[in-house]
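K.L.:
Supplied in structure tokens, the structure appears directly below.
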Amino acid sequence: MAIFLDHASTSPLRPSAKAVLIDALAQTGNPSSVHSHGQHTRELLEIARDQVASAVGCNRSEVIFTSGGTESDNAAIKGLWWQVTDADSQRRVIISASTEHHALMDPIHWLVEHEGAELIELPVAGSGMVDLDELEALLEQRHSEVALISLMWVNNETGVITDIERVGALARKYAVLAHSDAVAALGHVPIDFARSGLTAMSISGHKVGAPIGVGALIVARDAKPVSLLHGGGQERSLRSGTMNYPLAASFGAAAVEAVAEMAERQARLDVLRDRIEKEITSRFPKVQITSDGANRASHNVHLIFPGANSDNLLFLLDTKGISVSAGSACQAGVLGPSHVLIGMGYDEQSASSCLRITMGYTTTDSDVDAFIAAIEEIYPQAVAASPV
Amino acid sequence: MDSAVAAARAVEAGHEVVGVHLALSRMPGTLRTGSRGCCTIEDSMDAQRAAKKLGIPFYVWDFSERFKEDVVDDFVAEYQAGRTPNPCMRCNERIKFAALLERALALGFDAVATGHYATIEERDGALELHRSLEMAKDQSYVLGVLTQEQLAHAYFPLGATASKELIRQEAAQRELSVANKPDSYDICFIPEGDTREWLKEFVPSEPGTIVDLEGNEVGQHDGHVGFTIGQRKGLRLGRPAKDGKPRYVLEIRPKTQEVVVGPESALEVSALAGSRFSWCGKAPENQGAFFDCEVQVRAHGDTVRASAAVVDGELVIRLAEPLYGVAPGQTAVIYLGTRVLGQTTIDRTEMAQAVNV
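Listed in order, the protein sequences are those of chains A and B.
Each residue of the first sequence is one higher than the one before, starting from 0 at the first, in numbering that gives the first Met the number 0.
Each residue of the second sequence is one higher than the one before, starting from 0 at the first, in numbering that gives the first Met the number 0.
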């Protein structure tokens, strides 16, 4: 099997999460049922809820299980928008940044197109850091018009860390709602929802070693976002539908484990990250560290390889049995220039000549050795195959 | 379907095969994702499914920028100049067996294989391109632009098959589900195949007059683009011709915005010539002397006997049997038996009857 260095896209199922999942799948009972079957599976669900709450530092009632990060982002952004605008139609501004993930940007764009929202994108430095001084200035001027702030805690492509506690503090100061997509942050940087000042936060299971298909939206107790799903009223009426206790249980177990071993793992990956960056840039001085100078998560390496198309690099690495990624592919599978790099001020060529290498709990030293050796061989070949 | 079966045969023949879907058209309206190449999602997914059934890797490569420059822009420019282009030939010449092939060779591949119905044979140490076994589906015409070097890196697994029906059966047998999709003959970058509408939108042209052979104005048009030599429909002429017979487009004059119409007999062409010609493999020994051959001017058109030679930098083709309605811009492919000898983009035609206006 090929070497997996694309943990940001998904992470291998943790053995503990798998064991919990298989166990839970063997139980029968709708957690909403009154009888003992239902109470039993309900308990599995609530244990999971406690686990997620402890992993992110929130109250157990603030955990709403969803199908994943995208659903959580949609529920938060649209739900909070409608909560705010129903009460005060003068608030139409949504503050975000051009470097955000599509799961966050697209709901905002939808609100702009269909609900009359006004999007203000904060400036992003060349390093990828979002300008929070500008956020402060903007709030100072226009806070009464702002419906929502939505920013990622850690950028999924570049690993850049945003000071969400500062965002949350500013939001509280100016009485504006703030949401953060913490999908790429959970298990990689310390998260404390209670201290953050956020009203809502999205997290995803499969990025921390749970199966695909489960995530959570952390919603502050005092928030009342409009629900996207209407039905049985489960999960505080915020997420109707039979609760998926096997997936939730698996997520709970994975989240707890990911947070428990986080410090040690990130320290280990930090060393590996430095090694990759040092060896590749010394062998190829033209290669750039995309978010140089930014506060970055330790497991993420993001590099620009001048002269080589991302898809040629990916193809050649694929033939060598190494799985990494670059930018984002559309539904048809076409790789385009990374909109995140473009938002940081890189030109289209650079944004089409990059690689994202994300390590995880299963990454070994020899994985890194193999990657470095492969790049040394294929980078010149990728340049030869790419248009001038 | 053709490419899926071709890939299957290549795998069976023992080659190391990788499936590539080309993303060729741009979507200027897509904001956040920039202006990168796109394609029908269904086509891409069908291709991926077929590749996985064959157990080969699959990738989608973006050639939209080159495609726009080399195929689409050329298409627009030719129509603007009053000519009738053949974008499929340009695509084979500049994209499939050029841009794609260059990239493939640089990435360590040896050849590009396609589902075209044609065959490559080796004779006396040189490569030749020949018609496929089934004449009705023969696509050697559209590959007529290939050079010896390109042939050396091309592979057509389907050419030796006796019929398209057999290919369809083979596709079904191999459970390549694309077998049930209809073939597409339209230009791939014009959605819904409405060339006239597309041309009206993307190629500017002025209104003008339609004149007959005597120079009399017989109608108006709102743009010369979209007319082609030999066209009968869509002329919307008020008065019938003096002889009562239908009229056809004989000539397009972009400079004066005139479109000349006349009787079918005036469409008869006696010779073709073009300066942008190439040999598909070994060139004839004595190019300057007229030699017997056959010529085909449409992808699935009739082949007529002719003789050809290179005269003053032009490949001149004298027809032994008449052809009707040949437009400058079209490609003439010359054959020696089943072998594709070469081709030229037609710059000018000699009418059997001269047009005196």
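Positions of the beta carbon are idealized from the N, C-alpha and C atoms, including for glycine.
Small disclaimer: the values here were computed from a predicted structure and weren't measured.
Given a limit of 7 Å on CB to CB distance, which residues of the stretch 90-105 of chain B reach chain A?
P.N.:
Against chain A - using a Cβ distance shorter than 7 Å - the residues of the stretch 90-105 of chain B are Arg102 and Ala105.
K.L.:
Could you check how far apart the C-beta atoms of Asn85 (chain B) and Gln329 (chain B) are, in whole angstroms? I think they sit under 8 Å.
P.N.:
6 Å
K.L.:
Among B:Arg252, B:Phe201 and B:Val111, which has the Cα closest to the Cα of Ala9 (chain B)?
P.N.:
B:Val111
K.L.:
Ala331 (chain B) and Gln342 (chain B) - do their beta-carbons sit closer together than 8 Å?
P.N.:
yes
K.L.:
With a cut-off of 8 Å, does the C-beta of Asp291 (chain B) fall near any C-beta of chain A?
P.N.:
Asp291 (chain B) has a beta carbon lying at 8 Å or more from every beta carbon in chain A.
K.L.:
Against chain A, with Cβ distances strictly below 8 Å, would Asp109 (chain B) count as a contact?
P.N.:
Judged by the 8 Å Cβ criterion, Asp109 (chain B) is not in contact with chain A.
K.L.:
I need the boundaries of the alpha helix (DSSP H) containing Leu312 (chain A), first residue and last residue.
P.N.:
Ser309 to Thr318
K.L.:
For Gly320 (chain A), which residues of its own chain have a beta-carbon under 7 Å away from its beta-carbon, when the five flanking residues on both sides are left out?
P.N.:
Ala1 and Ile2
K.L.:
With H, G and I counted as helix, E and B as strand and the rest as coil, what does DSSP make of Asn299 (chain A)?
P.N.:
Three-state DSSP puts Asn299 (chain A) in a strand.
K.L.:
Would you say Asp310 (chain A) lies against chain B (beta-carbon separation less than 8 Å)?
P.N.:
yes
K.L.:
What residue does the beta strand (DSSP E) around Ala272 (chain B) start on, and which one ends it?
P.N.:
Glu267 to Gly273
K.L.:
Going by C-alpha to C-alpha distance, which of B:Ala3, B:Leu126 and B:Tyr140 sits closest to Ala49 (chain B)?
P.N.:
B:Ala3
K.L.:
Rounded to the nearest angstrom, what separates Glu114 (chain A) and Val153 (chain A) at their Cα positions?
P.N.:
28 Å
K.L.:
Opposite Ala308 (chain B) in the DSSP bridges: which residues?
P.N.:
Note: Ala308 (chain B) sits in a beta bridge opposite B:Val315.
K.L.:
Using only the alpha-carbon positions, how far apart do Ser139 (chain B) and Ala170 (chain B) sit?
P.N.:
22 Å
K.L.:
Taking 8 Å as the CB-CB cut-off, is Asp61 (chain B) touching chain A?
P.N.:
Answer yes: the Cβ-Cβ gap between Asp61 (chain B) and chain A drops below 8 Å somewhere.
K.L.:
If you run the structure through DSSP and keep just helix, strand and coil, what is Leu212 (chain B)?
P.N.:
coil
K.L.:
Using the beta-carbon of each residue, which ones in chain B are nearer than 7 Å to Leu315 (chain A)?
P.N.:
Leu106
K.L.:
Buried or exposed: which applies to Glu195 (chain B), given that a residue is buried once 16 or more other Cβ atoms fall within 10 Å of its Cβ?
P.N.:
The sequence shown places Arg at residue 195 (chain B), rather than the Glu named in the question. So Arg195 (chain B) counts as exposed.
K.L.:
By the three-class DSSP mapping on this structure, what secondary structure does Ser201 (chain A) have?
P.N.:
strand
K.L.:
Within the same chain, show all residues whose beta-carbon is closer than 8 Å to that of Ala389 (chain A), passing over the 5 residues directly before and after it, in chain order.
P.N.:
This structure cannot settle anything about residue 389 (chain A), because the visible part of chain A is limited to 0 through 387.
K.L.:
Are Leu316 (chain A) and Val323 (chain A) touching if we call contact CB-CB under 8 Å?
P.N.:
Taking 8 Å as the Cβ cut-off, Leu316 (chain A) and Val323 (chain A) qualify as a contacting pair.
K.L.:
What ranges does the beta strand (DSSP E) occupy inside the stretch 103-185 of chain B, keeping only unbroken runs of at least 3 residues that lie completely in it?
P.N.:
DSSP runs (the beta strand (DSSP E)) wholly in the stretch 103-185 of chain B: 117-122 and 125-130.
K.L.:
Helix, strand or coil, according to DSSP, for Ala3 (chain B) in the structure here?
P.N.:
helix
K.L.:
Residues in its own chain within less than 8 Å of Thr32 (chain B) by CB, not counting five upstream and five downstream?
P.N.:
Confidence at Thr32 (chain B) is low in this model, with a pLDDT of 31, below 50, so the placement of that residue should be treated as unreliable; the coordinate-derived value is given next. Cβ within range, chain order: n/a, list empty.
K.L.:
Using the Cα positions of Gly222 (chain B) and Pro283 (chain B), report the straight-line distance between them to the nearest angstrom.
P.N.:
42 Å
K.L.:
Any beta carbon from chain B within less than 8 Å of Leu334 (chain A)'s own beta carbon?
P.N.:
yes
K.L.:
Does the separation of the CB atoms of Ser66 (chain A) and Val166 (chain A) fall below 8 Å?
P.N.:
no
K.L.:
Find the nearest neighbour of Pro262 (chain B) within the set B:Arg275, B:Met350 and B:Cys292, judged by alpha-carbon distance.
P.N.:
B:Met350
K.L.:
Please compile the residues from chain B whose C-beta is within a distance smaller than 7 Å of the C-beta of Gly384 (chain A).
P.N.:
Going by the sequence as given, residue 384 (chain A) is Ala instead of Gly. Arg102, Ala105 and Leu106, listed in chain order.
K.L.:
For Thr357 (chain A), count the other beta carbons within 10 Å of its own beta carbon; 16 or more makes it buried, fewer makes it exposed. Which is it?
P.N.:
buried
K.L.:
What number of angstroms, rounded off, separates the C-alpha of Arg35 (chain B) from the C-alpha of Pro336 (chain A)?
P.N.:
Here Arg35 (chain B) scores only 38 on pLDDT, less than 50, and its place in the model should not be relied on; the value that follows carries that caveat. Near 8 Å, if we compare the C-alpha coordinates of Pro336 (chain A) and Arg35 (chain B).
K.L.:
Near Thr289 (chain A), which residues of its chain fall below 6 Å by C-beta distance, leaving aside the five closest residues on each side in sequence?
P.N.:
Sequence-distant partners of Thr289 (chain A) (beyond 5 residues in either direction) whose C-beta falls short of 6 Å from its own C-beta, in its chain, are Thr157, His301 and Ile303.
K.L.:
Is Pro30 (chain A) near the ligand FAD, judged by its Cβ being under 7 Å from some heavy atom?
P.N.:
In terms of ligand content, the structure shown is empty, and the ligand FAD therefore cannot be addressed.
K.L.:
DSSP puts Asp291 (chain B) in a beta bridge; with which residues?
P.N.:
B:Ser306
K.L.:
If you draw a straight line from the alpha carbon of Gly28 (chain B) to that of Lys67 (chain B), how long is it in whole angstroms?
P.N.:
Confidence in Gly28 (chain B) is poor, its pLDDT being 31 and thus under 50, which makes the residue's placement too unreliable to answer from.
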